[in-house]
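K.L.:
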Amino acid sequence: MKKILNYWPYLIALIPQFIFNNYLLIVITTFLVGLTSRFYIKNKWVLVKMFLLELLTFTIIFLIVGDRIFYLDEILLNLNLSESLLVIIFPIFNALNISILFFTGYMLGTLLFGKKIATNTALS
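So the sequence shown is residues 2 to 125, counted in our numbering.
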């Protein structure tokens, strides 16, 4: 059960990308999930874990539905990139973006709510 509680904030942070079309909502919800995850994630390597999970998830989704992303043609024209290079750069950039947002929320939660995670202690 502890392992599930350690990883559910990471998984919840991935969901807004697939629900919302508005980038501002994705940024806000990812940041808020990172902020509240401070109470559930006890171990280190938060940025690396989020980056790897996001990279894996987004690469799979990007390869499946990449042709439905309408602004990719504009990116190709503006940056003069080949399509093969875009398949590598776009998932890495997105994974870095989401993981940094999540980590920023996590660290802000650490600063605001203290370094110790409060535990429930019952009087016996």
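Glycine included, every Cβ here is placed at the ideal spot set by N, Cα and C.
May I have a chain-ordered list of the alpha helix (DSSP H) segments no shorter than 4 residues that lie completely inside the stretch 40–91?
P.N.:
47–66, 73–80
K.L.:
Quick one: what does DSSP say M108 is sitting in, helix, strand or coil?
P.N.:
Taking the first residue of the sequence shown as 1, we reach residue 108 at position 107. M108: helix per DSSP, three-state reduction.
K.L.:
For F59, does the count of other Cβ atoms within 10 angstroms reach 16, so buried, or fall short, so exposed?
P.N.:
Here residue 59 is taken as the residue at index 58 of the sequence shown, counted from 1. Buried.
K.L.:
Does the distance from the CB of F104 to the CB of L48 come in under 8 angstroms?
P.N.:
Looking up residue 104 in the sequence shown gives position 103. Looking up residue 48 in the sequence shown gives position 47. The answer is yes: Cβ separation under 8 angstroms.
K.L.:
Quick one: using the 10 Å Cβ neighbour count with 16 as the cut-off for buried, is S100 buried or exposed?
P.N.:
Counting from 1 along the sequence shown, the entry for residue 100 is found at position 99. Classification of S100: buried, given that the 10 Å Cβ count is 16 or more.
K.L.:
Return helix, strand or coil for F94, following the three-state DSSP convention.
P.N.:
Translated into positions along the sequence shown, residue 94 becomes position 93. In this structure, F94 counts as helix in the three-state DSSP scheme.
K.L.:
Report the rounded CA-to-CA distance for L109 versus G115, giving the unit in angstroms.
P.N.:
Here residue 109 corresponds to residue number 108 of the sequence shown, with the count starting at 1. Here residue 115 corresponds to residue number 114 of the sequence shown, with the count starting at 1. Distance between the alpha carbons of L109 and G115: 10 angstroms.
K.L.:
Assuming contact is defined by CB atoms lying nearer than 8 angstroms, are Y11 and L54 in contact in what I supplied?
P.N.:
The residue you call residue 11 lines up with position 10 of the sequence shown. The residue you call residue 54 lines up with position 53 of the sequence shown. Yes, the Cβ-Cβ distance between Y11 and L54 is below 8 angstroms.
K.L.:
Going along the chain, which residues of its own chain have a beta-carbon closer than 6 angstroms to the beta-carbon of A14, five neighbours each way excluded?
P.N.:
Mapped onto the sequence shown, residue 14 falls at position 13. Here the set comprises T31, V34, F103.
K.L.:
Considering only the alpha carbon of each residue, which of T111, G67, L112 lies closest to I90?
P.N.:
Position 89 of the sequence shown, counting from 1, holds the residue named residue 90. Of the candidates T111, G67, L112, the one whose C-alpha sits nearest the C-alpha of I90 is G67.
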